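Written out below as structure tokens is the structure these notes cover.
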Amino acid sequence: WGKSPRDDVARRALQTRVSPLNWQGGTGFWQIHKAWNSNVRRETLSVYDLSPDIHGTFDVVFCFGLLYHLRHPLLALDRLRAVCRGALVIETHIVQTQSALPVSLFYWDDAFRGDTNWTGPTEAACLAWLKSAGFEHFLARRPHVNVKNGREVVLALLTAQWKEQLRRDGLTEFDD
Numbered sequence: 585w586g587k588s589p590r591d592d593v594a595r596r597a598l599q600t601r602v603s604p605l606n607w608q609g610g611t612g613f614w615q616i617h618k619a620w621n622s623n624v625r626r627e628t629l630s631v632y633d634l635s636p637d638i639h640g641t642f643d644v645v646f647c648f649g650l651l652y653h654l655r656h657p658l659l660a661l662d663r664l665r666a667v668c669r670g671a672l673v674i675e676t677h678i679v680q681t682q683s684a685l686p687v688s689l690f691y692w693d694d695a696f697r698g699d700t701n702w703t704g705p706t707e708a709a710c711l712a713w714l715k716s717a718g719f720e721h722f723l724a725r726r727p728h729v730n731v732k733n734g735r736e737v738v739l740a741l742l743t744a745q746w747k748e749q750l751r752r753d754g755l756t757e758f759d760d
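The sequence shown begins at 585 in the numbering used here and counts up by one.
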């Protein structure tokens with residue numbers, strides 16, 4: 585989330601609604617960690633603080649339900665790109681009105697569905713943001729079978745090799 589007084593209020597509210605176990609990583613994370621005898625560590629930090637020098641790089645990066653909560657979504661995508669060497673799987677709120685236009689709504693002062701939402705990009709805007717961050721190829725379900733309640737999942741890929749590896753199961757390439 586961004587760095588504003590509004591985010592501090594939202595963060596405290598979230599902490600009171602989420603159990604300490606889930607806040608520290610969720611039971612699913614720890615079950616998989618144990619089952620795979622993983623050496624992966626879970627860190628709680630701001631997306632803006634991601635650094636390949638500190639955190640390393642990853643073949644696949646997941647970013648679910650975060651982008652529209654950020655005051656600076658393009659900065660966050662730059663930081664995610666810096667630690668990604670293959671694919672970014674992003675799930676986010678998408679504005680479906682005028683979806684072909686690369687525009688984003690700005691939600692000011694609890695103007696839309698909650699006081700932690702900042703932005704509502706169209707699909708074209710989200711794609712342009714991802715291109716700006718350095719991703720070159722994009723996969724999604726077409727037609728929009730994965731869009732429900734203004735939510736969409738997109739795979740943003742760095743190379744054609746990743747595109748070929750992941751293009752299956754109804755995922756198709758798109759560029760606008």
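C-beta atoms are modelled at their ideal positions from N, C-alpha and C, and glycine is treated no differently. These numbers were taken from a predicted model, which means no experiment stands behind them.
In terms of alpha-carbon separation, which member of T628, Y652, G640 and V631 lies closest to P705? Nearest in C-alpha terms to P705, of all of T628, Y652, G640 and V631, is Y652.
My output table needs one value for F648: the three-state DSSP class, helix, strand or coil. Here F648 sits in strand by DSSP.
Report the rounded CA-to-CA distance for W746 versus E707, giving the unit in angstroms. Roughly 21 Å between the two C-alpha positions.
Given this structure, state the Cα-to-Cα distance separating Y691 from E736, to the nearest angstrom. Near 19 Å, if we compare the C-alpha coordinates of E736 and Y691.
Is R669 close to the ligand ADP? I mean its beta-carbon at under 6 Å from any heavy atom of the ligand. Ligands displayed in this structure: none; no statement on the ligand ADP is therefore possible.
Do you know whose CA, among A709, I674, T703 and C668, lies nearest V687's CA? The residue with the shortest Cα to Cα distance from V687 is A709.
Return the Cβ separation of L658 and S716 in integer angstroms, given the expectation that the two are a contact with Cβ distance under 8 Å. About 7 Å separates the two Cβ atoms, so the contact holds.
Report the CB separation of A666 from L634 in whole angstroms; it is logged as a contact under 8 Å. Approximately 7 Å separates the beta-carbon atoms of A666 and L634; this is inside 8 Å, confirming the contact.
T628, buried or exposed, once every other Cβ within 10 Å from all chains shown has been counted against 16: Exposed: under 16 other Cβ atoms inside 10 Å.
For I674, count neighbouring Cβ atoms within 10 angstroms of its own Cβ and tell me buried if that reaches 16, exposed if not. Around the beta carbon of I674, 16 or more other beta carbons sit within 10 angstroms, so the residue counts as buried.
Ignore the nearest five residues each way along the sequence and tell me which others in R743's own chain have a CB closer than 8 Å to its CB. The amino acid at residue 743 is misidentified as Arg; the sequence shows Thr. Within the same chain, G670, E720 and H721 come within 8 Å of T743 by CB-CB distance, once the 5 residues on both sides are set aside.
How should A740 be labelled, buried or exposed, when 16 other C-beta atoms within 10 angstroms of its C-beta is the threshold for buried? Here A740 is buried: its Cβ has 16 or more other Cβ atoms, across all protein chains shown, within 10 Å.
Straight-line Cα distance separating V644 from R625: Their backbone Cα atoms lie some 15 Å apart in a straight line.
Once you ignore the five residues that flank G586 on each side, which residues in its own chain have a CB closer than 7 Å to its CB? Because the pLDDT at G586 is just 45, under 50, the model does not fix this residue reliably, and the value given afterwards should be weighed accordingly. If we look at G586 and ignore the five residues flanking it on each side, its Cβ neighbours are L654, R655, H656 and W702.
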